[in-house]
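Numbering (our numbering), first residue to last: 314 to 604.
Note that beta-carbon positions come from the ideal geometry of N, C-alpha and C, so glycine has one too.
This one's a predicted model, so the numbers in the text were calculated from it and none came from an experiment.
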Amino acid sequence: MGRDVGRGCLERWRARRTVRRGRTLRAVARAAGLSVMGLALVLPFVAFALNAFSRQWFYPQLVPDTWSLEAWARIFSARSRVPEALFNSAVIALTVTLASVVIGLPAGRALGMHRFPGKRVLEFLIFVPTMVPPLAVGMGLSVNFLRLGLGGTLLGVALAHLVPVTPYVVLTLSGVFANYSPAHEEQARTLGAGPLAVLWYITLPAIFPGLVVASLFAFLISWSQYVLTFLVGRGQVIALPVLLFSSIPGGDNANIAAQSLLFIGPAVLILLLTSRYLSGERAAVQGFGRL
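In structure tokens form, the structure reads like this:
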């Protein structure tokens, strides 16, 4: 009897030790993975920052021995086109974000909440533009927009950006509406609320996390577009990606690094401000499994 009790206690102790050891190993592995990911994300920013604030930095120096703000003075000088490119990129990205959300809201609601014949075919057609090489899309749009008088204009570039942006917005919002219940909308209508009141006070607050994520995708995709901006803008619309790529052959590392920080900075800031909607209980992407 005593031996059986002792053996049972020993087995329970071994089981608890195994569980604790497994938890410790998982915690260590998770910490190591997060550390590697953090380094992979941070190190490029460190390299850009060191280059952007240095006069010269040559191998094998670990850090630059001469610091300077010359690169920043050049890119914001009166002769620089960086402020113009920054303004154009912001205007285009914000316009595309607003337009894609207006288009994607009803489309995402229809795809997420309703089942109808040909739904899968329609979804495929919506996402086809993301499968076509951007160069082919850009060449076709460039020719047609030139005939319509939209080539080399901010409006033409914004319309071109809608081609790769809209499918991602529709995908995100359809995932949100897949978990959305219209019961509160019906209650509001029975109490006399009109369509605009239902949209503003019921629908938009309920899908706000998903709306933020969809807008984030739209802004980042438009902000980083180079091929479509270059082909449709025809050298007359100077956006930040176009200016950055044109600066690379010059070999001025400080200037390239400063422009890169300007290019990456807004995207990182937006990601930090909207990170609460990308994880946790209010995550906007948790409805994708029901599509």
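Quick check: the Cα distance between A494 and R336, rounded to an integer number of angstroms? Reading off the sequence, residue 494 comes out as Ser, not Ala. Between S494 and R336, the C-alpha separation is close to 38 Å.
Considering Q572, what are the terminal residues of the alpha helix (DSSP H) in which it resides? N566 to T587
In angstroms with no decimal places, state the Cα-to-Cα distance between S413 and Y481. Taking C-alpha positions only, S413 is separated from Y481 by approximately 9 Å.
Does the stretch 519 to 532 come close enough to the stretch 395 to 410 that 3 or more CB-CB pairs lie under 8 Å? yes
DSSP state of T633, grouped into three classes? Nothing can be reported for residue 633, as the shown portion of the chain is limited to 314 through 604.
Which of the three DSSP states, helix, strand or coil, is assigned to T379? strand
Drop a sphere of 10 angstroms on the beta-carbon of A398, count the other beta-carbons inside from all chains shown, and report buried for 16 or more, exposed for fewer. buried
Whole-angstrom C-beta distance between F490 and G425, which should lie under 8 Å: 3 Å
Count the C-beta pairs between the stretch 573 to 581 and the stretch 366 to 380 that are closer than 8 Å, then say yes if the count reaches three, no if not. Result no; under three Cβ-Cβ pairs closer than 8 Å.
Local conformation of Q500 per DSSP, three classes: helix
Tell me, to the nearest whole angstrom, how far the beta carbon of M444 is from that of L544; I am working on the premise that it is less than 8 Å. Not quite, the Cβ-Cβ distance comes to about 18 Å (not below 8 Å), so this is no contact.
Go ahead and label A510 buried or exposed: buried means 16 or more other beta carbons lie within 10 angstroms of its beta carbon, across all protein chains shown. The residue in question, A510, is exposed, as its Cβ has fewer than 16 Cβ neighbours within 10 Å.
State the start and end residues of the unbroken alpha helix (DSSP H) segment that holds S537. That residue, S537, is in no alpha helix (DSSP H); it is neither H nor E in DSSP.
By the three-class DSSP mapping on this structure, what secondary structure does R433 have? helix
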